[in-house]
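In the numbering used here, the protein residues as written are 176 to 459.
First the structure, in the form of structure tokens, and then the observations on it.
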Ligand code: AMP
């Protein structure tokens with residue numbers, strides 16, 4: 176496995192690969208890697224000649240400095256895991272490498288309301304930071320395919336819009352959420368959960384699954400379904416921030432009068448001091 180810290184060295188390696196006609200798949204991460212991340216690596220390996228994973232805890236997407244400070248950093252274990260999964264290249268840049276003092280400008284994107292709701296509403300500035308770092312990483316790596324998880328559905332949708340606006344020839348692949356056996360979506364943050372609250376955390380997946388079942392049965396009382404789910408989550412000892420049934424493309428709250436080709440049900444909740452998100456979607 177090739178390991179790069181500096182853009183200049185990565186560039187040399189990738190331009191050689193490109194001149195040999197090899198295709199490049201890219202999975203950007205913030206480290207503290209788990210089986211969910213490995214699923215991105217797995218899919219990329221199936222579809223590309225070279226798979227590159229970046230590990231970079233991006234300071235600009237944290238609206239809460241305490242969250243940034245507590246974000247788990249486990250680079251040595253991450254490298255072992257990537258090696259075990261035969262990842263070809265790992266890129267672990269410093270903050271200065273990504274954000275040099277002389278500045279790197281990124282375009283003003285128009286996300287047309289995608290960033291105003293859910294995560295965007297509860298974490299002001301978060302998606303501006305995500306767009307900034309993904310734009311920078313894409314300029315560095317210039318992959319053929321970009322792999323991102325369904326777990327961050329809103330993020331995926333926003334990056335999809337960004338690629339459309341930039342008219343970049345990059346395929347964005349959505350990788351299905353990998354879950355623990357009890358349904359909890361795998362997340363780097365799970366390792367910070369207290370054992371008691373960890374036991375209760377699968378309530379998020381249960382609440383989402385119940386809503387999905389109701390939607391499949393034709394229930395269109397969206398706001399009542401959201402409220403019931405919030406109560407269920409509260410009763411389990413977690414604190415919901417939002418449960419939202421939204422249009423899967425515009426991410427605006429779904430309305431029975433406005434049929435959607437895809438409905439997505441998103442949740443964010445505090446499990447003790449750890450904020451968790453999850454979602455399920457239904458194509459109809
Ligand atoms: P993160 O390191 O949390 O920024 O995540 C890096 C990438 O891995 C993002 O595209 C996430 O959506 C994806 N990811 C995180 N958790 C999972 C999971 N449980 N299943 C699939 N993909 C995931």
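Note that CB positions come from ideal geometry on N, CA and C, so glycine has one too.
Sequence-distant Cβ neighbours of residue 367 in its own chain, meaning closer than 8 Å and more than five residues away, are 245, 247, 448, 449. The closest heavy atom of the ligand AMP lies less than 6 Å from the beta carbon of residue 360. Where residue 211 is concerned, the enclosing alpha helix (DSSP H) starts and stops at 210 to 222. For residue 212, the distance from the CB to the nearest heavy atom of the ligand AMP is below 6 Å. Boundaries of the beta strand (DSSP E) harbouring residue 457: 449 to 458, taken from the DSSP string.
Around residue 431, the same chain offers 395 as residues with beta carbons nearer than 6 Å, after the five sequence neighbours per side are excluded. Here the alpha carbon of residue 210 sits roughly 10 Å from the alpha carbon of residue 360. A contact is defined here as three or more CB-CB pairs under 8 Å, and the segment 295 to 309 fails this definition with respect to the segment 251 to 267. The shortest CA-to-CA distance from residue 437 to any of 418, 387, 413 is the one to 387.
Excluding sequence positions up to five before and after residue 378, its CB lies within less than 6 Å of the CB of 408, 411, all in the same chain and listed in chain order. With a cutoff of 6 Å, residue 371 does not count as near the ligand AMP, since its C-beta is closer than that to no heavy atom of the ligand. Spanning the alpha carbons of residue 277 and residue 271 requires a straight line of approximately 10 Å. 7 Å or more divides the Cβ of residue 202 from the Cβ of residue 214. The Cβ-Cβ distance between residue 328 and residue 238 does not fall below 7 Å. Excluding the 5 residues flanking it on each side, residue 391 has same chain C-beta neighbours closer than 8 Å at 457, in chain order. In its chain, beyond the 5 residues on either side, 352, 360 have a beta carbon closer than 6 Å to the beta carbon of residue 326. The Cβ atoms of residue 223 and residue 320 sit closer than 7 Å to each other. Per the Cβ contact rule, the segment 415 to 427 is in contact with the segment 285 to 297 (3 or more Cβ pairs under 8 Å). Linking residue 198 to residue 385 through their CA atoms gives a straight-line distance of about 41 Å.
Taking non-hydrogen atoms of the ligand AMP into account, the C-beta of residue 395 is found less than 6 Å away from none of them.
The three-state secondary structure of residue 416, taken from DSSP, is strand.
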